[in-house]
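Asker: Just so you know, the protein sequences line up as chains A and B, in that order.
Numbered by our numbering, the letters in the first sequence go through residues 144 to 485 in order.
Numbered by our numbering, the letters in the second sequence go through residues 144 to 485 in order.
Every residue, glycine too, gets a C-beta built ideally from N, C-alpha and C.
Protein chains: 2
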Amino acid sequence: MAGRNANRRERPTLVQVAAEAGVSRATASRALRGERTVDAGLRAKVERAAEKLGYVPNAAARSLVTRRTDTVALILPEPTDRVFSDDQFFPNVIRSAAAEFEAAGKLMLLLTAGSEDGHRRIERYALSGHVDGVVFASLRDGDPLPELVHRSGIPVVCNGAQKGSSIPYVDVDHRSGVREALRHMYERGCRRIATIAGPQTMVAGRERLAAYAEESKALGTGTQIVFGDFTKESGHNAIGVLLDEGTWEDTPDAVFAASDLMAYGALQHLQQKGISVPDDIALVGFDDMEMAAFTEPGLTTVRQPIDEIGAALAKQMLMLLEGEEEIANVVLPTQLIRRGTC
Amino acid sequence: MAGRNANRRERPTLVQVAAEAGVSRATASRALRGERTVDAGLRAKVERAAEKLGYVPNAAARSLVTRRTDTVALILPEPTDRVFSDDQFFPNVIRSAAAEFEAAGKLMLLLTAGSEDGHRRIERYALSGHVDGVVFASLRDGDPLPELVHRSGIPVVCNGAQKGSSIPYVDVDHRSGVREALRHMYERGCRRIATIAGPQTMVAGRERLAAYAEESKALGTGTQIVFGDFTKESGHNAIGVLLDEGTWEDTPDAVFAASDLMAYGALQHLQQKGISVPDDIALVGFDDMEMAAFTEPGLTTVRQPIDEIGAALAKQMLMLLEGEEEIANVVLPTQLIRRGTC
DNA sequence: CTGAAAGCGCTAACAG
DNA sequence: CTGTTAGCGCTTTCAG
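1) Judging by CA-CA distance, which residue of B:K188, B:F232, B:I424 and B:M328 is the nearest neighbour of B:A164?
2) In terms of residue numbering, what span does the alpha helix (DSSP H) encompassing B:I237 cover?
3) Closer than 8 Å by C-beta to A:P298: which residues in its own chain qualify, once you throw out the five before and the five after it? Chain order, please.
4) Using beta-carbon positions only, say whether B:F399 and B:T338 come within less than 8 Å of one another.
5) Would you kindly work out how many angstroms separate the C-alpha atoms of B:R263 and B:C333, rounded to a whole number?
6) Using DSSP with H/G/I as helix, E/B as strand and the rest coil, what is B:N380?
7) Using only the alpha-carbon positions, how far apart do A:S308 and B:L185 sit?
8) Shorter than 8 Å from the beta carbon of B:H273 to some beta carbon of chain A?
9) Here's the rule: buried if 16 or more other CB atoms are within 10 angstroms of the residue's CB, otherwise exposed. What is A:T170?
10) My output table needs one value for A:A256: the three-state DSSP class, helix, strand or coil.
11) To the nearest whole angstrom, what separates the beta carbons of B:D286 and B:N302, a pair I think is in contact under 8 Å?
12) Taking only beta-carbon positions, decide if B:R147 is within less than 8 Å of chain A.
13) Of the residues that make up the segment 170-200 of chain B, which ones have a beta carbon closer than 9 Å to any beta carbon in chain A?
14) Could you tell me whether any Cβ in chain A is nearer than 8 Å to the Cβ of B:D224?
15) Per DSSP, A:T214 forms a beta bridge with which residues?
16) In the structure shown, what three-state DSSP assignment does B:V299 receive?
17) Helix, strand or coil for A:I424, going by three-state DSSP, please let me know.
18) Note down, in chain order, every chain B residue with its Cβ under 8 Å from the Cβ of A:G248.
19) Under 8 Å between the Cβ atoms of B:V199 and A:S271?
20) Below 8 Å on the Cβ atoms is my guess for A:R446 versus A:T477; work out the distance and round it to an integer in Å.
21) Near A:L475, what residues of its chain come up, given a Cβ to Cβ distance below 6 Å and the 5 sequence neighbours on each side ignored?
22) Please state whether DSSP places B:L282 in a helix, a strand or coil.
23) Which residue wins for smallest C-alpha separation from A:R322, given the options A:S167, A:D422, A:L442 and A:A401?
24) So with CB distances below 7 Å, who are the chain A contacts of B:T255?
25) So B:I218 and B:L254 are in contact, right, with Cβ under 8 Å, and what is the actual spacing, rounded?
26) Would you identify the three-state DSSP class for B:D430, choosing helix, strand or coil?
27) Could you check what DSSP says for B:A145 in three-state terms: helix, strand or coil?
28) Which one or two residues does DSSP pair with A:L219 in a beta bridge?
29) Excluding the 5 residues preceding and the 5 following A:G146 in the sequence, name in chain order all residues of the same chain whose CB lies nearer than 7 Å to its CB.
30) Among the candidates A:E433, A:D431 and A:L410, whose CA atom is the shortest distance from the CA of A:D422?
31) Compute the Euclidean distance between the alpha carbons of B:E469 and B:P289, then round it to the nearest angstrom.
32) Are the CB atoms of A:R318 and A:A354 nearer to each other than 8 Å?
33) Tell me the residue span of the alpha helix (DSSP H) that contains A:V160.
34) Residues in the same chain with beta-carbon distance under 8 Å from A:L196, minus the five sequence neighbours each way, listed in chain order, please.
35) Counting only Cβ pairs nearer than 8 Å, list the residues of chain B close to A:P311.
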């Protein structure tokens, strides 16, 4: 259990400020909150008293009655080291959401959960009224938390659609991006297009794979899938598997990787083996991270507007907080960026 | 102002759980908090009732009486894009602190402040009892906030010593690291050692420059200072200034950069100009970021144990939370890592 | 415009 | 072991 509070200095309360100013609790409260209906003289007195005593209102007491906290949580149900890895996706989402909330005068708290235990703690936190709204910056497959929070009446917005749920969400158009990528490959003459798919526990992983399956079927370019986890290393390994597999009539002449990091890992592996990209195997990634422009050759990839995701999440939340009942989902466009690998 | 709460479903309270279970509020409370002194049968009833109603205790009400929240804030009084930039320093500190708190069963909230306004909001947040303790992952020069929080009786730990304050802190031994670097340069024959210093608004920037000044005086290697802001670009520019300046009898034969990122920027600039490192100019950085091992030639640098900083910050805080009155400051060792640039 | 009084939902003595 | 009774510090009617 937690410790004592022995050394905690007594914090002044509103009563003391009121006494110091020679007014009632109610008046002190009104003055401090800037209500117009307070005599200027008294207000000044109260302000002076508060200043002198170093008074800061007790958040618990206040929110117990107002039922507001003026804070919003940005939750990432991911272990912290996944959030802050090579992958700049989360940092960028966080950054842009933070900017938006900051501009709106809201305080944003960032929470991550590594363990099951941490996840449970976050659940309590979100449900017990600590915050006015919750933004899920990522979704764990089958995680009941977003729905739970939503049903308890707290405004919720998710990054990505949670299946079977009516929670408002923001997402990018994975499918049309993948479609565009495959068609481009096809037009460049590729006929055996494999994919390095992302983890199927994540919306992005699932959507991109589904789109690959659909489009490669439509194109008649075959289906060959190896799974990675969005990291560079997994891309490196995955392409190895693809090259070794004897399951196809031939090795692929093109690979669509569901993330730039995986594409980059694959690129390195291919180059180490002396396989030419794009001549022997064409390669397309997804994300358009900063590094995509700096690989040699430059990585052809599907651009998703990461910063806009964070901003849109925040804007949606702000609308809900304003009392908006029905808000539309946001689907942001993706776009193929052609560079050297395809 | 914030919006209405019109659509907010009424959340069940303890009274309702108690009623449903046919016991008093007190018993329900005890049962739910796992006190031993409750009849097993009643406890089961209460738990079932709570489950059925989807009861989650109201945090405000609880903390109003317990004066605890079981959460800790990790505050970075920096704009969010500084926190999540190329520089892996903050992410690593956050990550390791998060792991430590997670293991201890505490919920860690991350707060950043971009604007003055945000900073004020954070101040309120920290002072109004939202959290049991505050860790400052970085310090703004002359920022009164840490001291304010500390004096208000809330446990505080800082990353870096705040001058003139008695707040417990964790830091790395900047000075001995710099000393070691300069001596190494000296031993390798360098006699005109310049520095690219970090921002003097940050402890790390100040400490490293002070150590440089001290040691280069002791060594008689002269003093030539250009300021950067820890980023790669600033390193790139700084070395340019250093090369152009006519203020010395000669250009430097060695440069100590106060961060790896700046060293890297300088390295690139030198190489672009066809200046050989380390033959024409030797170079030493500070941090030992991951990339330091991958530059060509490898970057000689002063290693600081970033992960340990976060862990130590968290451990200090946990001790304070346990009621420890006096805790010792922590100074973590640094160490010169020799690679190719010096 | 100001004060008195009634809670917000919960925990913590204190009796039983 | 359980229920009763006070508050925690604040906002918000409701009178004046």
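Answerer: Reading from the atomic positions:
1) Looking at B:K188, B:F232, B:I424 and B:M328, the one whose alpha-carbon comes closest to that of B:A164 is B:K188.
2) DSSP places B:I237 in the uninterrupted alpha helix (DSSP H) bounded by F232 to A246.
3) Residues of the same chain with a CB within less than 8 Å of the CB of A:P298, apart from the 5 flanking positions on each side, are D275, G276, V277, M460, L463 and L464 in chain order.
4) Yes, they are a contact pair.
5) When rounded, the distance between both Cα atoms is 48 Å.
6) Note: B:N380 maps to helix in three-state DSSP.
7) Looking at the two C-alpha atoms, the distance is approximately 36 Å.
8) Proximity of B:H273 to chain A, defined by a Cβ-Cβ separation below 8 Å, is satisfied.
9) Counting the other Cβ atoms within 10 Å of the Cβ of A:T170 gives 16 or more, which makes it buried.
10) Three-state DSSP puts A:A256 in coil, outside helix and strand.
11) Beta-carbon to beta-carbon, B:D286 and B:N302 are separated by about 13 Å, too far to satisfy the 8 Å threshold.
12) Residue placement at B:R147 cannot be trusted, given a pLDDT of 34 that sits under 50; what the coordinates show is reported in the next sentence. At a cut-off of 8 Å between C-beta atoms, B:R147 counts as an interface residue with respect to chain A.
13) Those would be G197, V199 and P200, in chain order.
14) Answer yes: the Cβ-Cβ gap between B:D224 and chain A drops below 8 Å somewhere.
15) Answer is A:L250.
16) In the structure shown, B:V299 sits in a strand (DSSP, three-state: E or B).
17) Coil, per DSSP.
18) Result: D260 and R264.
19) Yes, these two residues count as a Cβ contact at 8 Å.
20) Rounded to the nearest angstrom, the Cβ distance from A:R446 to A:T477 is 6 Å, consistent with a contact under 8 Å.
21) Closer than 6 Å at Cβ, skipping near neighbours: V315, P448 and E451.
22) Three-state result, B:L282: coil.
23) Of the listed residues, the one whose Cα sits closest to A:R322 is A:A401.
24) The contacting residues are A241.
25) About 5 Å separates the two Cβ atoms, so the contact holds.
26) Three-state result, B:D430: strand.
27) With a pLDDT of 34 at B:A145, under the threshold of 50, the modelled position of this residue cannot be trusted; read the value that follows with caution. Coil, per DSSP.
28) The beta-bridge partner set that DSSP reports for A:L219 consists of A:T255.
29) At A:G146, the pLDDT of 34 sits below 50, so the modelled position is not reliable; the number obtained from the coordinates is stated separately. Only residues of its own chain outside the window of five on either side were considered, and among them none has a CB closer than 7 Å to the CB of A:G146.
30) Closest in C-alpha terms to A:D422, from the list A:E433, A:D431 and A:L410, comes A:L410.
31) When rounded, the distance between both Cα atoms is 17 Å.
32) A Cβ-Cβ contact shorter than 8 Å links A:R318 with A:A354.
33) Counting along the chain, the alpha helix (DSSP H) containing A:V160 begins and ends at L157 to A164.
34) Cβ neighbours of A:L196 beyond the five flanking positions: P155, Q159, V160 and E163.
35) What A:P311 touches in chain B: nothing, since even the nearest Cβ is about 13 Å away.
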